[in-house]
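Notes follow the structure.
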Amino acid sequence: FLDNVLFDGPHLSGLIDFYNACSGPMLYDVAITLNDWCSTASGSLDLSRARALLAAYASLRPFHPAEAERWPCMLRIACLRFWLSRLIAARQPCMIWGPPGVGKSETVKQVAQKMKRQLIDLRLPLLDAVDLRGIPTIKDGRTIWIPPSFLPRSGKSILFFDELVQAPTLVQNGASSIILPPHTLGEYTLPEGCACVAAGNRETDRAATQRMPSHLANRFVHINYDVHLDDWVTWALENGEDPSVIAFLS
Numbered sequence: 001f002l003d004n005v006l007f008d009g010p011h012l013s014g015l016i017d018f019y020n021a022c023s024g025p026m027l028y029d030v031a032i033t034l035n036d037w038c039s040t041a042s043g044s045l046d047l048s049r050a051r052a053l054l055a056a057y058a059s060l061r062p063f064h065p066a067e068a069e070r071w072p073c074m075l076r077i078a079c080l081r082f083w084l085s086r087l088i089a090a091r092q093p094c095m096i097w098g099p100p101g102v103g104k105s106e107t108v109k110q111v112a113q114k115m116k117r118q119l120i121d122l123r124l125p126l127l128d129a130v131d132l133r134g135i136p137t138i139k140d141g142r143t144i145w146i147p148p149s150f151l152p153r154s155g156k157s158i159l160f161f162d163e164l165v166q167a168p169t170l171v172q173n174g175a176s177s178i179i180l181p182p183h184t185l186g187e188y189t190l191p192e193g194c195a196c197v198a199a200g201n202r203e204t205d206r207a208a209t210q211r212m213p214s215h216l217a218n219r220f221v222h223i224n225y226d227v228h229l230d231d232w233v234t235w236a237l238e239n240g241e242d243p244s245v246i247a248f249l250s
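Everything in the sequence shown is counted per our numbering, starting at 1 for the first residue and increasing by one.
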C-alpha cells in the first residue's frame, strides 16, 4: 500500500508491514498494489499509471499466460476484499447488493477468515423482531430484556446481517438499532471490536425483497456485486468443478 512505502525525498528508503503480504498468488499482490497506487480520488483507475506499473513489473517478471487471462478477475477480487476489510476495520456499516447465488456471503466469510475475526451469520428473514431484542423478565420490579445468545459479547468479530432486505420492516428496524450508533437494542450493546456487514438482493433481482428504511440506507456504504462469467470459470477450474458444466456455460 502507498502508506507502507517510505521515501527520503525522491528516493525509496523503506518498506513496512509485510506480515499480510505474499500469502497467496503473486498476481493477488500485484493487483492490490495497482489498485492502491494507480487509483484516482474518485476511485477509478488512472490508466497511464497502471500501464507504467505493469510495464515495470513485466520488465522483471512477465505474467504467465494463465496470469494474464485472470488479471481482470484478480483486480476485482483484490478491490472488493480490501475495500470491505477497510470498512470493517473502521466499523463503517456496509451493504453488499447482488443477485442470489453470486457469492456475497462467501466473500464476507473469506474476509473474516483473512482478518482472523469471528463471523456471526444472522439470516434475518428467519427472525422475528422480538428475537433480536430478547425475552422480557422482571428484575427489582422493572422489566428488562435478556439479549439472545447469538449476538456477540466481546472480541474482534463481524456481525453479518444476511438477506437484510428480505426481512420485514420491523426486523430491519431492530437490526438498525444494532447497526447504527449507539449500537444498542434493549439491554444489548454491540462490543467495541465488532463491525456490522449486511447483504441482500436488489428489487430488480425479483427475490421478494422489502424496501430498506431510509434512516438505515443513508448510513450504509453500498457495494454493488456484479457477476462476471470469467470470474466463475476461474473459480470452477481451481475447485475441480465438472468440465462439462464449465464448457456449457462458456
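Where is the CB? At the ideal position from N, CA and C, for every residue including glycine.
DSSP, read as helix, strand or coil, puts Tyr225 in coil.
Secondary structure of Arg70 (DSSP, three-state): helix. Below 8 Å, enough C-beta pairs join the region 222-229 and the region 87-97 to call them touching: three or more. By the Cβ criterion, the region 184-197 is not in contact with the region 233-241, since fewer than three pairs of Cβ atoms, one from each stretch, lie closer than 8 Å. In the DSSP assignment, Val197 falls within the beta strand (DSSP E) that extends over 194-200. C-alpha of Met212 to C-alpha of Leu249: approximately 34 Å in a straight line. Per DSSP, reduced to three states, the secondary structure at His183 is coil, with no helix or strand assignment. The beta carbons of Leu151 and Leu126 sit no closer together than 9 Å. Beyond the five residues adjoining it in sequence on each side, Phe161 comes within less than 6 Å, by CB distance, of Leu122, Leu124, Ala175, Ala198 in the same chain, given in chain order. Exposed is the label assigned to Val245, since fewer than 16 other Cβ atoms lie within 10 Å of its Cβ.
The Cβ-Cβ distance between Gly134 and Glu203 does not fall below 9 Å. Only exposed fits Ser42, as fewer than 16 other CB atoms lie within 10 angstroms of its CB.
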